[in-house]
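So the sequences go chain by chain: H and Y.
The first sequence begins at 1 in this note's numbering and counts up by one.
The second sequence begins at 1001 in this note's numbering and counts up by one.
No residue lacks a Cβ here, since even glycine has one placed at the ideal position from N, Cα and C.
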Amino acid sequence: QQQVKQSPQSLIVQKGGIPIINCAYENTAFDYFPWYQQFPGKGPALLIAIRPDVSEKKEGRFTISFNKSAKQFSLHIMDSQPGDSATYFCASPTGFQKLVFGTGTRLLVSP
Amino acid sequence: DAGITQSPRHKVTETGTPVTLRCHQTENHRYMYWYRQDPGHGLRLIHYSYGVKDTDKGEVSDGYSVSRSKTEDFLLTLESATSSQTSVYFCAISEPTGEGTGELFFGEGSRLTVL
Chain H
1 QQQVKQSPQS LIVQKGGIPI INCAYENTAF DYFPWYQQFP GKGPALLIAI
51 RPDVSEKKEG RFTISFNKSA KQFSLHIMDS QPGDSATYFC ASPTGFQKLV
101 FGTGTRLLVS P
Chain Y
1001 DAGITQSPRH KVTETGTPVT LRCHQTENHR YMYWYRQDPG HGLRLIHYSY
1051 GVKDTDKGEV SDGYSVSRSK TEDFLLTLES ATSSQTSVYF CAISEPTGEG
1101 TGELFFGEGS RLTVL
């Protein structure tokens, strides 16, 4: 089964810090790498995604960095806030309209 | 928010009983999915559907069946529930964008406990 390996499992940072979450993928069906954000009691929701004709994509305080040769991509959260406390999932396509997800990173941003 | 309704939202049942979870969408999206979420395993695909009566297995399909008789409804059935099927189940929908993979929209989840 195709896998995406996500680390760390959990992360605690202070407000204003820059948490970094890493993912490594195996072969992928399509060049599309999304990050989903999940708050307690809610379903995951798309946060940001990259199609790697570029090596980096920024949306507000969230940045994806992509390294195709290493088959790795990461999420950086600039100036993190307590409201960013959530679980983050990376994902990779396994086929048309199919995603395999990482195991998730629980982020806590302390005030 | 995407129009996705899961029912029931919470269910407690006993080992060996059948259970059906329902996902209803109002977005007319072609693709529908059932995932389960467990600590340490993240989100794992159980089954998915790419149209009415068109379904396929995911990575953890054993013990589960699905049906889709209408575009808007996708049912997940546990024929004989086991304790290992205690989990939070998420329905998701998507529509191809022409670039291979469109955004998945998730429901709010159904928490199932099998005693």
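So Leu1021(Y) packs on Ser1094(Y), CB below 8 Å; how close in whole Å? If you number the second sequence from 1, residue 1021(Y) lands on position 21. If you number the second sequence from 1, residue 1094(Y) lands on position 94. At roughly 19 Å, the Cβ-Cβ gap does not stay under 8 Å, so Leu1021(Y) and Ser1094(Y) are not in contact.
Please report the Cβ distance between Leu46(H) and Phe62(H), rounded to the nearest whole angstrom; I am assuming they are in contact, meaning their Cβ atoms lie under 8 Å. Translated into positions along the first sequence, residue 46(H) becomes position 46. Translated into positions along the first sequence, residue 62(H) becomes position 62. Actually they do not touch by this definition, with Cβ atoms about 11 Å apart.
Identify every residue that forms a DSSP beta bridge with Lys98(H). Looking up residue 98(H) in the first sequence gives position 98. Beta-bridge partners assigned by DSSP to Lys98(H): Gly95(H).
Beta carbons nearer than 8 Å to chain H: which residues of the segment 1075-1090 of chain Y have them? The segment 1075-1090 of chain Y vs chain H, Cβ under 8 Å: Phe1090.
Check each candidate in Thr1101(Y), Pro1096(Y), Ser1065(Y) and name the one with the smallest Cα separation from Tyr1035(Y). Position 35 of the second sequence, counted from the start, is the residue given in the question as residue 1035(Y). Of Thr1101(Y), Pro1096(Y), Ser1065(Y), the residue nearest in Cα terms is Ser1065(Y).
Looking only at its own chain, which residues have a Cβ that is under 7 Å from the Cβ of Asp31(H), when we skip the five neighbours before and after it? Taking the first residue of the first sequence as 1, we reach residue 31(H) at position 31. Excluding sequence positions up to five before and after Asp31(H), its CB lies within less than 7 Å of the CB of Arg51, Pro52, all in the same chain and listed in chain order.
Would you kindly work out how many angstroms separate the C-alpha atoms of Lys1070(Y) and Phe89(H), rounded to a whole number? Position 70 of the second sequence, counted from the first residue, corresponds to residue 1070(Y). Position 89 of the first sequence, counted from the first residue, corresponds to residue 89(H). Near 30 Å, if we compare the C-alpha coordinates of Phe89(H) and Lys1070(Y).
Enclosing beta strand (DSSP E) for Arg1111(Y) [first to last residue]: The count along the second sequence starts at 1 and reaches residue 1111(Y) at position 111. That run of the beta strand (DSSP E) goes 1110-1114.
DSSP three-state label for Pro82(H), please. One-based indexing of the first sequence puts residue 82(H) at position 82. Three-state result, Pro82(H): helix.
Please name the residue or residues paired with Lys1057(Y) in a DSSP beta bridge. The residue given as residue 1057(Y) occupies position 57 in the second sequence. Beta-bridge pairing links Lys1057(Y) to His1047(Y).
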